[in-house]
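Worksheet: the structure to be examined is printed underneath.
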DNA sequence: GTCTATAAAGCGATAGAC
DNA sequence: GTCTATCGCTTTATAGAC
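Residue numbers (the working numbering), protein chains in the order written: chain G, 157 to 343; chain H, 157 to 343.
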């Protein structure tokens, strides 16, 4: 049984958790119905496009969160070293120190990716570009900044995979620490 | 339509490709039937346990390949630097420069993981331990060797995720190169 | 050993009462 | 706006002919 949620905006976070924990295909409408406390009729009232629209809404919400909490701060002027530490803290909090999966990364590996190719790509591209831009403002040359940004994203995603596979949260925490340290040495 | 394969051993690679390209849930029996050219009756003759047994057989085959081509060479005595280069080459070839997904990593992110927890964990643990042991023989202290090994695995898995998400094979190639370089600087 | 036919269950999605 | 009932389809798995 799930919570009672009044509007579409309140449903999206529950959908996101369902997709994260069960996978997009594994989160059937009956699972979603149980978790949200809403009947299928209500779900289709909020999302006439069905699961496809639910997935798109969840990806949009994730992108909006990162835009506000991670990308925008990176783009804002400010101490680069402080920005890196803030990014690390936000990422660690969001992924609950590795206990939470990155839905966008999971979609990318799965063939669910082919249903939301633009949203998956844009999420990572926006993150990479925001981080690379910040590094450039900190004095790093453009090609090196871009490579370092890609490397940081790889570190986050890889740490999530290995952390889940080994079932060891420390793997994620240590990986994030190395990511932060490597970015710091560039500045 | 698929190839005609005579025995169970010949079917497993086709199953692996089906799971990689469609995901474990997305690779339905009808898809598998088409790709292997075998009817459902034949498939259940080879794998009485159904998809569960197919998944386990594929994971076992992947583990066997890496055991022979990656883990064992790492455990064998020999020049550590040459061993690192050989590992990089084997990994790059196996994942087809990023165009192929790591099924074990995909299972780890998806909740399919809960169906094969031991096999997913053992694959990464064996890789990490073989690599860490090789680094130790090269003179790296045990804790640093283990961390470097975990970091290398993170690099591979993260590069596969980002490469797929951005649809850019160069992301994988560059990530592997950084992995190799970082391991080299330890020796 | 391989096939076709079929069973039983679950899926996403819809209709219509309230 | 929310529910229940139901549609049509696909799923995994089995049975039985050959």
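All C-beta atoms, glycine included, are put in the ideal place defined by N, C-alpha and C.
Indicate whether at least one CB of chain G lies closer than 8 Å to the CB of residue i.
i, result
"residue 342 of chain H", "no"
"residue 248 of chain H", "no"
"residue 337 of chain H", "no"
"residue 154 of chain H", "Given a span of 157 to 343 for chain H in the structure shown, any question on residue 154 of chain H remains unanswerable."
"residue 173 of chain H", "no"
"residue 275 of chain H", "no"
Using C-beta distances below 8 Å, list every residue in its chain close to residue i, excluding the 5 sequence neighbours before and after it, in chain order.
i, result
"residue 293 of chain G", "233, 236"
"residue 327 of chain G", "254, 315, 318, 319"
Quick one, which of the options has its alpha-carbon nearest residue i's?
i, options, result
"residue 246 of chain H", "H:263, H:279, H:207, H:221", "H:221"
"residue 305 of chain G", "H:297, H:318, H:308", "H:318"
"residue 339 of chain G", "G:309, G:325, G:329", "G:309"
"residue 178 of chain G", "H:170, H:343, H:315, H:270", "H:270"
"residue 190 of chain G", "G:282, G:171, G:206, G:243", "G:171"
"residue 330 of chain H", "G:213, G:299, G:334", "G:299"
"residue 200 of chain H", "H:238, H:343, H:185", "H:185"
"residue 307 of chain G", "G:249, G:224, G:192, G:285", "G:285"
"residue 290 of chain G", "G:322, G:242, G:231", "G:231"
Can you tell me whether residue i is helix, strand or coil according to DSSP?
i, result
"residue 319 of chain H", "helix"
"residue 262 of chain H", "helix"
"residue 162 of chain H", "coil"
"residue 257 of chain H", "coil"
"residue 324 of chain H", "coil"
"residue 309 of chain G", "helix"
"residue 289 of chain G", "helix"
"residue 114 of chain G", "Beyond the ends of chain G as shown, which are 157 and 343, falls residue 114 of chain G; an answer cannot be given."
"residue 280 of chain H", "helix"
Does residue i have its Cβ less than 8 Å from a Cβ in chain H?
i, result
"residue 218 of chain G", "no"
"residue 224 of chain G", "no"
"residue 265 of chain G", "yes"
"residue 255 of chain G", "no"
"residue 310 of chain G", "yes"
"residue 350 of chain G", "Shown here, chain G extends from 157 to 343; a query on residue 350 of chain G therefore has no answer."
"residue 280 of chain G", "yes"
Identify, in the order they occur along the chain, each residue of the same chain with its Cβ nearer than 7 Å to the Cβ of residue i, setting aside the five sequence neighbours on each side.
i, result
"residue 277 of chain G", "none"
"residue 313 of chain G", "258, 261"
"residue 168 of chain H", "213, 214, 217"
Kindly examine the ligand NAD and report whether one of its heavy atoms sits closer than 7 Å to the Cβ of residue i.
i, result
"residue 254 of chain G", "Here there are no bound small molecules, and the ligand NAD is not part of this structure."
Leaving out five residues on either side along the sequence, give the residues of the same chain with a beta carbon under 6 Å from the beta carbon of residue i.
i, result
"residue 282 of chain G", "227"
"residue 164 of chain G", "202"
Please list the segments of the alpha helix (DSSP H) lying wholly inside the stretch 168-219 of chain H, counting only runs of 4 or more residues, in order along the chain.
185-192, 196-202
Minimum length 4: unbroken alpha helix (DSSP H) runs contained in the stretch 218-254 of chain H:
If we require 4 residues or more, the alpha helix (DSSP H) runs fully inside the stretch 218-254 of chain H come out as 228-231, 236-250.
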